[in-house]
Amino acid sequence: MKKINIAIDGPSGVGKSTISDRIAEKLNMRHLDTGAMYRCVAYYVKKNHVDYENKQALQEALDQIHIRFDGDRVLLNGEDVSQAIRMNEVSMMASITSALPEVRQKLVSLQQEAVKDKGFIVDGRDICSVVLPDAEVKLYMDATPEARAGRRYKEYIKKGIEADYETIFQDIVARDYQDTHRAISPLKKADDAILVDTSDLTIDEVVETVLDIIDKEI
Ligand code: C5P
Numbered sequence: 294m295k296k297i298n299i300a301i302d303g304p305s306g307v308g309k310s311t312i313s314d315r316i317a318e319k320l321n322m323r324h325l326d327t328g329a330m331y332r333c334v335a336y337y338v339k340k341n342h343v344d345y346e347n348k349q350a351l352q353e354a355l356d357q358i359h360i361r362f363d364g365d366r367v368l369l370n371g372e373d374v375s376q377a378i379r380m381n382e383v384s385m386m387a388s389i390t391s392a393l394p395e396v397r398q399k400l401v402s403l404q405q406e407a408v409k410d411k412g413f414i415v416d417g418r419d420i421c422s423v424v425l426p427d428a429e430v431k432l433y434m435d436a437t438p439e440a441r442a443g444r445r446y447k448e449y450i451k452k453g454i455e456a457d458y459e460t461i462f463q464d465i466v467a468r469d470y471q472d473t474h475r476a477i478s479p480l481k482k483a484d485d486a487i488l489v490d491t492s493d494l495t496i497d498e499v500v501e502t503v504l505d506i507i508d509k510e511i
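Written out as structure tokens, the structure is:
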């Protein structure tokens, strides 16, 4: 197969990361999780009490942030933050700090640089429209908020983490609102991205559907 990049956008909790990992493994590609990068910025801002509304303070913080992926691990300035960036308060902060133009500018250029030699599956919110508008395959994964909340709830229970469906559902609705209503790069299906509705599909079925699409597109 020729070297390509695959762009996947979609809302929170739709399973982009899981699917990207599985497709990357099958096609011998690498997965760039851009959400993890926005989470690193949010984690840093929270931990260091950065006044992100002050442009100079924000820029100084951004200059201090170095993100590295090491297999499944996410390293922020050398610290393994793989678990910490998944905490709910970091998710909510990521939705806020990802709306800041300085943050997007820094992360978009890092992402474009990281995948310029191709062979990547890149997932996020603005990949098809802003980061990789020329990607060989462009997908938009969607599912109802109920389906996404239900999956997340089951995932937590399975891991033995105490969870409340209603709280998870409300968080998903709140993040959807923030991600789709921000001024810069709001979450939106690019006109030429192919829609994959995963509401009624298992992970295996989504993987099959996506592999079929990739096959037809290249
Ligand atoms: O995908 P994930 O839920 O890990 O992303 C965390 C947050 O980062 C999202 O709610 C969104 O606000 C932001 N994000 C973004 N652009 C991307 C990826 C994530 O704005 N390309």
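The C-terminal position of the sequence shown is numbered 511 in my numbering, with every residue numbered one higher than the one before it. Even for Gly, the Cβ is constructed at its ideal location relative to N, Cα and C. All figures in this text were calculated on a predicted structure; none of them were measured in a lab.
Legend entry - E429 (DSSP reduced to helix, strand or coil): The sequence position of residue 429 within the sequence shown is 136, counting from 1. Of the three classes helix, strand and coil, the one that applies to E429 here is coil, per DSSP.
Legend entry - Beta-carbon proximity check, I299 vs I414, cutoff 8 Å: Taking the sequence shown and counting its residues from 1, one reaches residue 299 at position 6. Taking the sequence shown and counting its residues from 1, one reaches residue 414 at position 121. Yes, these two residues count as a Cβ contact at 8 Å.
Inset, instruction - Answer with buried or exposed for Y470, where buried requires no fewer than 16 other C-beta atoms within 10 angstroms of its C-beta. - result: The residue labelled residue 470 in the question sits at position 177 within the sequence shown. Y470 should be labelled exposed.
Inset, instruction - Just the C-alpha distance for L351 and D344, rounded to the nearest angstrom, thanks. - result: Within the sequence shown, the letter at position 58 stands for residue 351. Within the sequence shown, the letter at position 51 stands for residue 344. Rounded to whole angstroms, L351 to D344 spans 7 Å at the Cα level.
Legend entry - Uninterrupted alpha helix (DSSP H) stretches inside the region 334–378 (no shorter than 4 residues): 348–357
Inset, instruction - Let me know the secondary structure DSSP gives I280 once reduced to three states. - result: Here the chain comprises residues numbered 294 to 511, so residue 280 is not present and cannot be evaluated.
Inset, instruction - Please go through the same chain and pick out, in chain order, the residues whose beta-carbon is closer than 6 Å to the beta-carbon of D373, but skip the five residues on each side of it. - result: Along the sequence shown, read from residue 1 onward, the residue named residue 373 stands at position 80. Correct list, in chain order: R366.
Inset, instruction - Just grab the DSSP bridge partners of R323 for me. - result: Residue numbering aside, residue 323 sits at position 30 when the sequence shown is read from its first letter. The partner list for R323 (beta bridge, DSSP) reads F413.
Inset, instruction - Please report how far the alpha carbon of I358 lies from the alpha carbon of N341, in whole angstroms. - result: Stepping through the sequence shown from its first residue, residue 358 is reached at position 65. Stepping through the sequence shown from its first residue, residue 341 is reached at position 48. Taking the straight line from one Cα to the other gives about 12 Å.
Inset, instruction - Give the single residue among V338, R361, D457 whose Cα lies nearest to the Cα of R444. - result: What you label residue 444 is simply residue 151 of the sequence shown in a count that begins at 1. It is D457 whose Cα lies nearest to the Cα of R444.
Inset, instruction - Let me know the secondary structure DSSP gives V408 once reduced to three states. - result: Here residue 408 is taken as the residue at index 115 of the sequence shown, counted from 1. In the three-state reduction of the DSSP assignment, V408 falls in the coil class, being assigned neither a helical nor a strand state.
Inset, instruction - Give the secondary structure of I518 by DSSP, where H, G and I count as helix, E and B as strand, and everything else as coil. - result: Any answer about residue 518 is impossible in this case: the structure gives the chain only from 294 up to 511.
Inset, instruction - Could you please give me the residues that DSSP links to M434 through a beta bridge? - result: What you label residue 434 is simply residue 141 of the sequence shown in a count that begins at 1. For M434, which the question treats as bridged, DSSP gives the partners V489.
Inset, instruction - Could you work out which residue in V423, Q463, M434 is closest to V502 when comparing CA atoms only? - result: In the sequence shown, the residue the question calls residue 502 occupies position 209. The residue asked about is misnamed: residue 502 is Thr in this sequence, not Val. Nearest option by C-alpha distance: M434.
Legend entry - Range covered by the alpha helix (DSSP H) that runs through S384: Reading the sequence shown from its first residue, position 91 is the one you call residue 384. That run of the alpha helix (DSSP H) goes 381–390.
Inset, instruction - Would you identify the three-state DSSP class for A467, choosing helix, strand or coil? - result: As a position in the sequence shown, residue 467 is number 174, starting the count at 1. In this structure, A467 counts as helix in the three-state DSSP scheme.
Legend entry - Pair within 8 Å by beta-carbon distance, V401 and V430: Taking the sequence shown and counting its residues from 1, the one referred to as residue 401 is at position 108. Taking the sequence shown and counting its residues from 1, the one referred to as residue 430 is at position 137. Taking 8 Å as the Cβ cut-off, V401 and V430 do not qualify as a contacting pair.
Legend entry - Proximity below 8 Å, CB of A486 to CB of L432: Here the question's residue 486 lines up with position 193 in the sequence shown. Here the question's residue 432 lines up with position 139 in the sequence shown. Result yes, Cβ atoms of A486 and L432 sit closer than 8 Å.
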